[in-house]
DNA sequence: CGTCGAATTGATGTCATTCAACTACAGTGG
DNA sequence: CCACTGTAGTTGAATGACATCAATTCGACG
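Protein chains in written order, with this note's numbering: chain A, 1 to 197; chain B, 198 to 394.
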């Protein structure tokens with residue numbers, strides 16, 4: 001069956017039956033994206049959300065100096081979107097790009113509303129997901145203003161154990177808010193202290 | 198009339214008439230809080246949101262070393278709550294405290310749901326507010342990983358022009374993720390460059 | 001007026017950046 | 001199959017940004 005992860009995820013997080021997708025089949029479509037393909041660019045307005053069926057995406061910004069800064073990674077079963085662009089109808093300040101060859105499910109405007117019509121508690125469950133997102137962002141802010149690069153790296157390893165193996169090191173550095181060189185040194189330090197990596 | 202700001206705010210952001218509050222009057226109450234009074238502590242579980250009718254609140258964390266880190270300020274007409282504690286039912290990791298003597302409106306669990314029953318598009322409008330919150334947090338993360346202390350200070354001044362006059366400088370430093378000493382020097386630098394403060 | 005926290009300032013230390021050089025390795029085209 | 005190229009990662013030396021510690025001043029308020 002297609003969209004297996006998508007179905008399971010919706011079932012698990014929104015509490016709808018796995019065959020519930022038929023009711024809003026016109027509101028989503030699968031898309032294969034190649035490595036390094038950009039599916040959302042700065043300045044675009046998009047009302048889509050992207051569910052990662054397989055593969056790995058990242059969201060990042062580019063500053064005036066031309067440097068990239070990773071805001072978020074999205075491996076399998078994650079939903080990623082620029083909420084600003086999506087609901088507030090503003091131009092996106094971010095890029096979303098595939099780090100690996102991926103399969104994503106693009107849900108269009110109205111998908112969740114439509115699902116909510118048939119399964120009323122979808123709206124509430126959906127809200128819960130958003131709260132979770134806010135929680136993660138608050139944690140990230142908190143950690144950025146209160147911890148060192150080394151601590152943030154250890155947090156990252158703990159929270160996303162397998163991601164380090166799939167994401168280029170310089171992107172992780174960017175996510176942590178440091179340079180690739182600094183991360184390299186942090187890792188060396190940790191290796192010396194016999195924290196195995 | 199009481200709760201003037203609260204009514205106006207709900208009317209403006211949620212599109213309900215200013216006299217609509219009667220329908221859910223059992224779901225909120227005003228509260229006067231003194232300066233330095235803590236209305237939510239780490240470890241507590243709270244299903245309330247706090248609307249600032251008058252005054253100024255802040256949300257902050259305390260790290261292992263005992264240092265405070267300001268996550269957010271909330272002046273008049275802001276809503277502040279620990280979303281984690283509120284909807285995910287986990288213990289709060291933050292404190293919420295009054296910086297000035299304040300009047301707040303505490304809305305209890307069910308307030309928005311109840312309002313939404315009578316005014317159906319409240320739910321959607323409410324979601325929009327949450328997206329806005331996410332947008333702000335993303336901006337903050339982006340700025341923390343990509344800009345210097347000076348840039349962040351200037352951003353802060355631009356975004357919250359009057360707040361600098363009401364918030365002790367060391368709290369602003371904490372919000373920016375630097376020490377009070379550093380902020381003092383940043384300000385001195387800017388003064389030299391003839392950016393008037 | 002005296003006290004206490006806030007803010008400033010200086011001296012010094014630490015962490016992370018920058019720039020540059022070098023290695024390792026994967027992908028490309030001849 | 002090998003040479004060429006480009007990107008990732010590491011390392012070193014110098015620099016810069018911010019932190020820490022200590023001393024002093026400022027200012028609000030009882």
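Think of the CB as a built atom: it goes at the ideal place given N, C-alpha and C, for glycine as much as any other residue.
Test item: CB-CB of residue i and residue j under 7 angstroms
| i | j | result |
| --- | --- | --- |
| residue 15 (chain A) | residue 135 (chain A) | no |
| residue 256 (chain B) | residue 291 (chain B) | yes |
| residue 267 (chain B) | residue 379 (chain B) | no |
| residue 150 (chain A) | residue 186 (chain A) | yes |
| residue 35 (chain A) | residue 113 (chain A) | no |
| residue 302 (chain B) | residue 225 (chain B) | yes |
| residue 295 (chain B) | residue 364 (chain B) | no |
| residue 44 (chain A) | residue 92 (chain A) | yes |
| residue 299 (chain B) | residue 243 (chain B) | no |
| residue 9 (chain A) | residue 77 (chain A) | yes |
| residue 389 (chain B) | residue 61 (chain A) | no |
| residue 377 (chain B) | residue 367 (chain B) | yes |
Counterpart residues of residue i in DSSP-defined beta bridges
| i | result |
| --- | --- |
| residue 265 (chain B) | B:259 |
| residue 96 (chain A) | A:40, A:59 |
| residue 118 (chain A) | Note: residue 118 (chain A) sits in no beta bridge, so no partner. |
| residue 107 (chain A) | A:28, A:49 |
| residue 74 (chain A) | A:57 |
| residue 282 (chain B) | Bridge partners of residue 282 (chain B): none, in fact. |
Nearest candidate by alpha-carbon position, reference residue i, set the options
| i | options | result |
| --- | --- | --- |
| residue 90 (chain A) | A:119, A:29, A:42 | A:42 |
| residue 276 (chain B) | B:383, B:253, B:259 | B:253 |
| residue 269 (chain B) | A:137, A:39, A:148, A:160 | A:137 |
| residue 220 (chain B) | B:272, B:313, B:299 | B:313 |
| residue 305 (chain B) | B:207, B:337, B:265, B:246 | B:246 |
| residue 12 (chain A) | A:122, A:178, A:143 | A:122 |
| residue 20 (chain A) | A:144, A:120, A:83, A:61 | A:120 |
| residue 178 (chain A) | A:88, A:75, A:110, A:68 | A:68 |
| residue 260 (chain B) | A:147, A:26, A:74 | A:147 |
| residue 356 (chain B) | B:279, B:272, B:387, B:307 | B:272 |
| residue 284 (chain B) | B:263, B:308, B:262 | B:308 |
| residue 51 (chain A) | A:66, A:31, A:184 | A:31 |
| residue 387 (chain B) | B:293, B:214, B:354 | B:354 |
For residue j and residue i, believed in contact at Cβ under 8 angstroms, the rounded distance
| i | j | result |
| --- | --- | --- |
| residue 53 (chain A) | residue 6 (chain A) | 6 angstroms |
| residue 140 (chain A) | residue 176 (chain A) | Not really, about 10 angstroms apart at Cβ, beyond 8 angstroms. |
| residue 127 (chain A) | residue 324 (chain B) | 7 angstroms |
| residue 341 (chain B) | residue 145 (chain A) | 7 angstroms |
### Segments assigned alpha helix (DSSP H), at least 4 residues, entirely inside the stretch 320-382 of chain B
346-356, 360-363, 366-373
### Query
Which ranges does the beta strand (DSSP E) cover as unbroken runs of at least 3 residues, wholly within the stretch 12-59 of chain A, from first to last along the chain?
28-33, 38-40, 49-54
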